[in-house]
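One structure is given here, and the rest of the page talks about it.
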């Protein structure tokens with residue numbers, strides 16, 4: 321008997337008219353990265369956008385690497401005063417993403433997406449493949465990539481808002497269906513931080529669905545939203561299953577807890593939430609997580625070393641450790657002179673957290689063996705025009 325992913329079962333007949341049109345999904349994403357990575361990446365997100373590649377040493381610390389131009393432009397959202405927003409310039413997680421030896425980066429200012437090949441022998445060496453492709457909308461701010469599916473999907477959060485997906489080829493990115501999966505945000509370009517916007521987009525662990533998250537709007541009493549797009553035959557559905565997430569005001573960064581259908585999502589209004597994505601593709605809030613003293617908890621990363629999720633706060637310079645059941649384990653302040661920590665990744669025994677603002681820094685925090693301690697606060701030299709703009713973190 322043919323079996324289908326639980327994300328797809330209730331919707332295949334509705335979306336296609338025939339279950340037989342869809343093959344069995346693949347066997348899932350690679351296991352969480354348990355070894356020390358070889359490189360960490362972020363985007364400068366300035367006018368001439370670039371990907372900054374930092375070398376990871378054997379002891380997990382960072383050293384200088386390289387800079388690769390995306391041939392696109394970075395961008396900044398607009399705050400309540402009509403000024404460029406910073407240091408949370410894109411109001412999102414995953415401004416760039418890595419899968420195997422593929423890296424994809426958004427160029428919010430030019431509404432394009434850039435594809436890079438990572439040199440496996442020297443992962444700080446990036447080669448731009450083809451030319452940046454237009455994202456079919458305005459102001460892309462978050463991207464998901466799957467080497468297994470040869471797909472990259474991006475969320476546009478400007479005036480023309482929605483999801484677009486592209487095939488990864490040896491010559492570059494090509495639109496799968498030339499179709500924007502629209503979502504009415506009532507936004508401008510660049511987008512306003514006072515209105516709803518996309519915050520994160522990821523492939524499910526088994527790669528049978530694409531999950532997109534939209535912030536809520538407390539002024540109009542609208543909660544955050546989850547959109548699930550089933551994937552079959554390597555194609556992302558043009559129609560999403562939408563859920564208004566109960567008791568989640570403002571979802572931001574998300575991470576799927578490996579081996580489960582649960583998502584740990586940050587909520588800047590209170591801390592975080594544990595969300596289950598059911599067999600029907602609907603989201604259910606399992607638990608609201610109040611983090612005492614938090615001001616803007618926005619980014620999340622699962623650590624294989626601790627089997628927990630770490631979250632960061634854009635206004636408080638500390639790491640908060642949360643277990644798979646949504647219980648807070650530790651709160652660890654970092655006294656390194658950085659304003660706060662923003663987007664981050666966890667790999668091996670370490671968390672690598674980007675800190676834009678008064679300067680651009682990357683905090684390296686050891687989280688293995690039951691301890692949380694900073695081992696380095698790395699300051700990249702000569703690569704950033706504006707310390708308010710850097711965004712996104714990924715690793716190889």
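Residue numbers (our numbering): 321 to 716. Ideal placement from N, C-alpha and C gives every residue a C-beta, glycine not left out.
| Since residue 432 sits in a beta bridge, which residues does DSSP pair it with? | 427 and 454
| query | Between which two residues does the beta strand (DSSP E) containing residue 640 stretch? | reply | 636 to 642
| message | Tell me which residues share the same chain as residue 658 and place their Cβ nearer than 6 Å to its Cβ, disregarding the 5 neighbours each side in the sequence. | response | 637, 675 and 681
| field | Within the region 581 to 619, ranges of the beta strand (DSSP E) (whole runs, at least 3 residues) | value | 582 to 587, 591 to 597 and 603 to 610
| residue 573 - DSSP class collapsed to helix/strand/coil | Coil.
| Inter-residue spacing [alpha-carbon to alpha-carbon] between residue 553 and residue 697 | 44 Å
| query | With distances taken from CA atoms, which of 671, 524 and 460 is nearest residue 747? | reply | Since the first and last residues shown for the chain are 321 and 716, residue 747 lies out of range.
| query | Relative to the alpha-carbon of residue 395, which residue among 404, 387 and 389 has its alpha-carbon at the smallest distance? | reply | 404
| Taking C-alpha atoms, which residue in 382, 573 and 558 lies nearest to residue 411? | 573
| message | Give me the residue from 576, 623 and 617 with the minimum Cα distance to residue 530. | response | 576
| Where does the unbroken beta strand (DSSP E) through residue 520 begin, and where does it stop? | In the DSSP annotation of this structure, the continuous segment of the beta strand (DSSP E) that includes residue 520 starts and ends at 518 to 523.
| query | Taking just the CA atoms, how far does residue 458 sit from residue 499? | reply | 14 Å
| task | List in chain order: all unbroken beta strand (DSSP E) runs of 3+ residues lying wholly within the region 362 to 387. | result | Segments of the beta strand (DSSP E) lying fully in the region 362 to 387: 370 to 376.
| field | Whole-angstrom distance between residue 504 and residue 622, CA atom to CA atom | value | 31 Å
| Neighbourhood of residue 586 by C-beta distance below 6 Å, restricted to the same chain and skipping five residues each side | 572, 573, 592, 617, 618, 620 and 631
| request: For residue 489, name the three-state secondary structure that DSSP assigns. | output: It is a strand residue.
| query | So what does DSSP say about residue 690, is it helix, strand or coil? | reply | The answer is helix: DSSP assigns residue 690 an H, G or I state.
| With 16 other Cβ atoms within 10 Å as the buried cut-off, status of residue 377 | exposed
| Of the residues 484, 517 and 541, the one placed nearest residue 533, counting alpha carbons only | 517
| said: Tell me the rounded alpha-carbon separation between residue 711 and residue 599. | reply: 34 Å
| request: Keeping to the same chain, check which residues put their C-beta closer than 7 Å to that of residue 615; ignore five residues upstream and five downstream. | output: 633, 635 and 636
| said: So, at 6 Å on beta carbons, what are the nonlocal neighbours of residue 350 in its own chain, with the 5 sequence-adjacent residues on each side left out? | reply: Because residue 350 sits at a pLDDT of 40, beneath the cut-off of 50, its placement in the model cannot be relied upon, and the point is left open.
| message | On the DSSP letters alone, give me the boundaries of the beta strand (DSSP E) that residue 633 sits inside. | response | 628 to 633
| Going by the CB atoms, is the gap between residue 454 and residue 431 shorter than 8 Å? | yes
| For residue 356, three-class secondary structure by DSSP | In the structure shown, residue 356 sits in coil (DSSP, three-state: anything other than H, G, I, E or B).
| field | Secondary structure of residue 397, DSSP reduced to three states | value | coil
| query | What's the C-alpha gap between residue 400 and residue 511? | reply | 11 Å
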